[in-house]
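Have a look at the structure below, then the notes.
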Amino acid sequence: MKIDEARNYHKIDAVIVGAGLAGLRAALEVAKSGLAAAVISKVYPTRSHSGGAQGGIAAALANVSEDSLESHMFDTIKGSDYLADQDIIERFVNEALKTVYEFEHMGVPFSRTEDGRINQRPFGGHSSPRACFAQDVTGHVLLHTLYEQCLQHNVLFFNEFQVLSLLVSDDVSRGLVAWDIRNGGLHIFHARAVLLATGGYGRAWKITSNAHANTGDGVALVLEAGLPLEDMEFVQFHPTGLYKHGILLSEAARGEGAYILNDKGERFMKTYAAAKMELAPRDVVSRAEQTEINEGRGIGGKDYVYLDLRHLGRQKILERLPQIYDLALNYLKVDGIKEAIPIQPTAHYSMGGIPANVRTEVIKDAAGTVVKGLYTAGEASCLSLHGANRLGTNSLQDAATFGRIAGIHMTEFCRENNFAGLPAQPLEVAQGKIDRLWNGQGQERHAPIREKLQENMTKYLGVFRNQDDMLKMLVMIKELQERYRQVTVDDHGDAFNLDLIEALELENLLSFSEVIVEGALARQESRGAHFRSDFPKRNDGEWLKHTLAWRRDGKIVLDFSKGVVIYPQYQPQERKY
Amino acid sequence: MAMIDISVKILRYQPGKDEKPHWQVFNIAVEDESTILDVLNEIHWQHDGTLAYRRSCRSSICGSCAMKVNGRNVLACETPIHRFGRKLKIEPLSGFDIIKDLVVDLDPFFAKLKRIRPYLILDKPAPDKEFVQSPEQLEQIGESTLCILCAACSAACPSSWPNSEYLGPAALLKAYRFIFDSRDDGADQRIEIVNDKNGVWRCHTIFNCVEACPKKIQITEYLSRLKVKVVENSL
Numbered sequence: 000m001k002i003d004e005a006r007n008y009h010k011i012d013a014v015i016v017g018a019g020l021a022g023l024r025a026a027l028e029v030a031k032s033g034l035a036a037a038v039i040s041k042v043y044p045t046r047s048h049s050g051g052a053q054g055g056i057a058a059a060l061a062n063v064s065e066d067s068l069e070s071h072m073f074d075t076i077k078g079s080d081y082l083a084d085q086d087i088i089e090r091f092v093n094e095a096l097k098t099v100y101e102f103e104h105m106g107v108p109f110s111r112t113e114d115g116r117i118n119q120r121p122f123g124g125h126s127s128p129r130a131c132f133a134q135d136v137t138g139h140v141l142l143h144t145l146y147e148q149c150l151q152h153n154v155l156f157f158n159e160f161q162v163l164s165l166l167v168s169d170d171v172s173r174g175l176v177a178w179d180i181r182n183g184g185l186h187i188f189h190a191r192a193v194l195l196a197t198g199g200y201g202r203a204w205k206i207t208s209n210a211h212a213n214t215g216d217g218v219a220l221v222l223e224a225g226l227p228l229e230d231m232e233f234v235q236f237h238p239t240g241l242y243k244h245g246i247l248l249s250e251a252a253r254g255e256g257a258y259i260l261n262d263k264g265e266r267f268m269k270t271y272a273a274a275k276m277e278l279a280p281r282d283v284v285s286r287a288e289q290t291e292i293n294e295g296r297g298i299g300g301k302d303y304v305y306l307d308l309r310h311l312g313r314q315k316i317l318e319r320l321p322q323i324y325d326l327a328l329n330y331l332k333v334d335g336i337k338e339a340i341p342i343q344p345t346a347h348y349s350m351g352g353i354p355a356n357v358r359t360e361v362i363k364d365a366a367g368t369v370v371k372g373l374y375t376a377g378e379a380s381c382l383s384l385h386g387a388n389r390l391g392t393n394s395l396q397d398a399a400t401f402g403r404i405a406g407i408h409m410t411e412f413c414r415e416n417n418f419a420g421l422p423a424q425p426l427e428v429a430q431g432k433i434d435r436l437w438n439g440q441g442q443e444r445h446a447p448i449r450e451k452l453q454e455n456m457t458k459y460l461g462v463f464r465n466q467d468d469m470l471k472m473l474v475m476i477k478e479l480q481e482r483y484r485q486v487t488v489d490d491h492g493d494a495f496n497l498d499l500i501e502a503l504e505l506e507n508l509l510s511f512s513e514v515i516v517e518g519a520l521a522r523q524e525s526r527g528a529h530f531r532s533d534f535p536k537r538n539d540g541e542w543l544k545h546t547l548a549w550r551r552d553g554k555i556v557l558d559f560s561k562g563v564v565i566y567p568q569y570q571p572q573e574r575k576y
Numbered sequence: 000m001a002m003i004d005i006s007v008k009i010l011r012y013q014p015g016k017d018e019k020p021h022w023q024v025f026n027i028a029v030e031d032e033s034t035i036l037d038v039l040n041e042i043h044w045q046h047d048g049t050l051a052y053r054r055s056c057r058s059s060i061c062g063s064c065a066m067k068v069n070g071r072n073v074l075a076c077e078t079p080i081h082r083f084g085r086k087l088k089i090e091p092l093s094g095f096d097i098i099k100d101l102v103v104d105l106d107p108f109f110a111k112l113k114r115i116r117p118y119l120i121l122d123k124p125a126p127d128k129e130f131v132q133s134p135e136q137l138e139q140i141g142e143s144t145l146c147i148l149c150a151a152c153s154a155a156c157p158s159s160w161p162n163s164e165y166l167g168p169a170a171l172l173k174a175y176r177f178i179f180d181s182r183d184d185g186a187d188q189r190i191e192i193v194n195d196k197n198g199v200w201r202c203h204t205i206f207n208c209v210e211a212c213p214k215k216i217q218i219t220e221y222l223s224r225l226k227v228k229v230v231e232n233s234l
């Protein structure tokens, strides 16, 4: 039987992988143009982790105080520790207001000012109250609204499908192969244009705010396809992860005035960022917390500090921060109205990812050569908008704005290009992954390997890094990759085989984690979220450049020839808060 | 924090292998601070890889892990085991077809959502900036927008069990959310959809949905307001 006659063959103009804010926004744009848009997601769309974002979406609306696009631009540049590409930031801030008004017109229930306009709150590293918010569930309401818009505009949904291979050859994207989680079986998606909007890679760490789904699948697939990744060593640790669980307590708490306290009850941020205090950017606050903990000033000498909401009062806590209040109560039995909440830094946001240009086209080298028909947006991508450290509330704005931009360019591309031919054996790579896990002779199981990876990434690739720790981690990852070859799964059934999915995800975690460590080892400086105790200073002379990494012949190859786009008026300065 | 021994009885079903669902008991040791999701992960990762369940965010916002524990619908991720003692009985949500073990078919649930036209319908052009909406107007719909579509309400609703055509609490709550949004002009269209024997009138104010809702949304109250609106509209 010919492939294009097979039951599990789908020919669709634009195929979008990932149903978070970036993926849905792109799908909506394509569908509105009249072309066919399909979203492939490993979870039902409303389960996507964009819904976990709490505090707000950045736009200089100036609804509650003066603000400007220039200010948003400069704050983002400074927040990035000058690694972000300034042409990307310029496009971003220019589109940000439109994105928020568009959401409001779709029906997003933004919190309001007394005179009925979108309310805004302060956030770390932003010099004006710029975060448009809906209580502390901003990502949730944006995600649900976009999903509903996609229903209205007849976007096709393939829910609970896991992508196993990209069909890319000769620098042209042709489609992809995915496993039907619910029923079993491989499906070929033949597309004019493909968008990778697969989210971040925080599940490589044990203490993380990320969802189980955030295993960096798109990032790993790109690496497997022979394409590079960019700036993977830059991972943001959020200062207010719920102790032991790592789940997110929004920066909105500090935006509303919450304190962070050490064992002596001191607001220790005065030592680290006297001007901005708790509203310094996340990398600065996480380092301060970890320093307090390392020097014995964690609570009771342990590995946590306190987030203190009590002085905000019952009414403000329940009106503005209800989710945070419930999370602390449900998970730690801590009543945030009466008690301080134990917190620790938690792996949160992936600044690195799939390199792309301002049109969201995936590029394959430092010269910017485009892979035809392949796009990326949201946390999976590295444009680079966030550089070495992202500011809070810029992520929802990033995902939505560049999701829309991706949709616009994919629509153009689909109108101008026919379907590229599929390879002779499109299922081969994906089938090989399944066969090995089902029919292999090995005795290893996926769970202990994943646990060892996550525990040690938290231990060795955390807020503070050094060469010795990272070399240990690199050796360990290679051992774990060897062990992975012997992994087989208990479950041989077709229907909802979670065992199989988790084993496939582990292969992805092990693959890109090696890139993270190699990049972090090579980058002998401290910039943004990447802090080397053995190289504690930023070094613009040698390291004001992006990291590109390929897997070639089983080894990670690094390239530092991709420079940073810097405008004359925004030259690097010392970064102080 | 201490380790405790617990007994976990899980309803298992694998299509093609099992004729019908059956119980399986796992006797395991877990930390006393564990959640239901921690227990399922422990079983799946350490004891029986074939166990299937849905989970994602771990922080009660994605709505993946609604299931029935000792007769109550809960989110596994946010529910500590100490709420139930050392004997747990875990089964899938009622009223949906089982795909495997604790995983149910939610396609009909999401299809109902689509039926009530869950998007702002506008007769007027949108303004250059935002629509003006007062905090009081927002308050009308605020709580209803917290719904995470976990389906715990529908699975707890006796009116939903025998009648797959009933729109059910989640879709009706969504209808409320748009009909009572000050920006929306689509009330008439939606009222026509919910003014039906399988619409809002099938709600018999049993309040099971409110008890089951992990977000503590007063669903029955909003559905009652919807009934009033439907009647007012026909006068």
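Protein chains in written order, with numbering that gives the first Met the number 0: chain A, 0 to 576; chain B, 0 to 234.
Glycine included, each C-beta is placed from N, C-alpha and C at the ideal position.
Predicted model, so just to flag it, every value in this text is computed and none were measured.
8 Å Cβ cutoff, residue i in contact with chain B
i	result
Met472/A	no
Tyr100/A	yes
Val333/A	no
Met456/A	no
Gln148/A	yes
Ile292/A	no
Leu497/A	yes
Ile117/A	yes
Leu395/A	no
Burial state of residue i (16 or more Cβ within 10 Å)
i	result
Asp230/A	buried
Val474/A	exposed
Trp542/A	buried
Ser67/A	exposed
Pro128/A	buried
Ser64/A	exposed
Pro14/B	exposed
Val234/A	buried
Tyr566/A	exposed
Val227/B	exposed
DSSP-derived helix/strand/coil call for residue i
i	result
Arg85/B	coil
Glu30/B	strand
Val193/A	strand
Cys578/A	With chain A represented from 0 up to 576, any question about residue 578/A goes unanswered, as that position is not in the structure.
Asp467/A	helix
Arg550/A	strand
Trp22/B	strand
Met66/B	strand
Closer than 8 Å to chain A by CB, residue i
i	result
Ile98/B	yes
His43/B	yes
Asp31/B	no
Ser153/B	no
Glu191/B	no
Pro107/B	no
Gln217/B	no
Ala28/B	no
Lys16/B	yes
Lys255/B	Outside the shown range of chain B, which is 0 to 234, sits residue 255/B, and nothing can be said about it.
Val102/B	yes
Ile9/B	no
Inter-residue CB distance, residue i and residue j (contact presumed, cutoff 8 Å)
i	j	result
Tyr175/B	Asp100/B	No, Tyr175/B and Asp100/B are not in contact; Cβ-Cβ is about 34 Å, not under 8 Å.
Ile353/A	Leu228/A	7 Å
Cys76/B	Ser59/B	6 Å
Ser168/A	Leu220/A	Wrong, their Cβ atoms sit about 14 Å apart, outside the cutoff.
> Got a sec: which bits of the region 40-62 of chain A sit with their beta carbon under 7 Å from any beta carbon on chain B, in order along the chain?
Replying inline: Val42, Tyr43, Thr45, Arg46, His48, Gly50 and Gly51
>> Residues of the region 193-206 of chain B in Cβ contact with chain A at a cutoff of 8 Å, in chain order, please.
In response: none
> At a Cβ cut of 7 Å, what residues of the region 125-142 of chain B count as close to chain A, listed as they run along the chain?
Replying inline: Ala125, Lys128, Glu129, Phe130, Val131, Gln132, Ser133, Pro134, Leu137, Ile140 and Gly141
> Going along the chain, which residues of the region 373-391 of chain A sit with their C-beta nearer than 8 Å to a C-beta in chain B?
Replying inline: none
> Listed from N- to C-terminal order along the chain, which residues in the region 307-324 of chain A have their beta-carbon within a distance smaller than 8 Å of any beta-carbon of chain B?
Replying inline: Gln322
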